[in-house]
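What follows is a set of notes on a single structure, which appears directly below.
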Amino acid sequence: MSNYIQNIIEGDHLSFEIVFKLWHRKVYAYFFKKTACENQAEELTQLAFIKLWRFKHTLSEDFPLDVQLFKIAKSTLLDYFKKIANDNRNLQIYHRDLLETSTAESKLYEAKQELDIVLSCLPPTRKQVFVLNRLHGYSYKEIAEKLSISPRTVEKHISLATKQLSGYAGIAYFFILLGFLK
Numbered sequence: 002m003s004n005y006i007q008n009i010i011e012g013d014h015l016s017f018e019i020v021f022k023l024w025h026r027k028v029y030a031y032f033f034k035k036t037a038c039e040n041q042a043e044e045l046t047q048l049a050f051i052k053l054w055r056f057k058h059t060l061s062e063d064f065p066l067d068v069q070l071f072k073i074a075k076s077t078l079l080d081y082f083k084k085i086a087n088d089n090r091n092l093q094i095y096h097r098d099l100l101e102t103s104t105a106e107s108k109l110y111e112a113k114q115e116l117d118i119v120l121s122c123l124p125p126t127r128k129q130v131f132v133l134n135r136l137h138g139y140s141y142k143e144i145a146e147k148l149s150i151s152p153r154t155v156e157k158h159i160s161l162a163t164k165q166l167s168g169y170a171g172i173a174y175f176f177i178l179l180g181f182l183k
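Using this note's numbering, read the sequence shown as starting at 2 and increasing by one per residue.
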């Protein structure tokens, strides 16, 4: 076996192929026992032999080739389990974030629906002035210029809209919502 080790270190493909044929079934059986999945065992077996070839310069003639090969197989298996654990953790984070996002979007949609219902009770101009001021942040002067009305009229519309909307039970919620939607 030490001849095979030296030949593999030197890059001899034939020696590597012989080692592959000699040890493939045992390495596969090791992975199958640990994963209980044929496809995964086959993939891990391939990875172990790829690592053997890729890191052939690290092989030592002081240890039997099978010991070194199974050390590579063990590290390949550990990498596989770490990847599964990491993938599961990332999937859980993704699901949690997706759930939080969809819940927030659902609440925002419901809040916008409620806002539309509440604002629908206002006369059109008053509603427009109120929305421009409270939702879009326009100043009284900007609204007056935009709608060709006086700033005093804008102030009056805001005052009347606030009084009219104060009759709704959820007015505190409504004003919180206005701040949230900005």
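C-beta: ideal position from N, C-alpha, C; glycine also.
- Annotation for Ser16: the continuous alpha helix (DSSP H) segment containing it runs 14 to 36.
- Taking the Cα of Phe50 as reference, the smallest distance to any Cα among Arg90, Lys27, Val119, Thr104 is reached at Lys27.
- In this structure, DSSP gives Asp63 a state outside helix and strand, which the three-state scheme calls coil.
- Assignment of Pro124 by DSSP, reduced to helix, strand and coil, places it in the coil class.
- One Cα belongs to Glu39, the other to Phe33, and the distance between them is close to 6 Å.
- Apart from the 5 residues on each side of it in sequence, Leu78 sits with its Cβ closer than 6 Å to the Cβ of Lys35 in its chain, given in chain order.
- For Ile159, the uninterrupted alpha helix (DSSP H) run begins and ends at 152 to 166, by DSSP.
- Comparing C-alpha distances from Phe71 to each of Tyr110, Ile159, Tyr29 shows the shortest one belongs to Tyr29.
- Counting along the chain, the unbroken alpha helix (DSSP H) around Asn40 starts and ends at 39 to 55.
- Pairing Val119 with Leu166 gives a Cβ-Cβ distance under 8 Å.
- In the assembly as shown, Arg97 is an exposed residue. Its beta-carbon has fewer than 16 other beta-carbons within 10 Å.
- Contact between the stretch 119 to 129 and the stretch 145 to 163 is present: 3 or more CB-CB pairs across the two stretches fall below 8 Å.
- Note on Val68: under 16 other CB atoms within 10 angstroms of its CB, so exposed under the neighbour-count rule.
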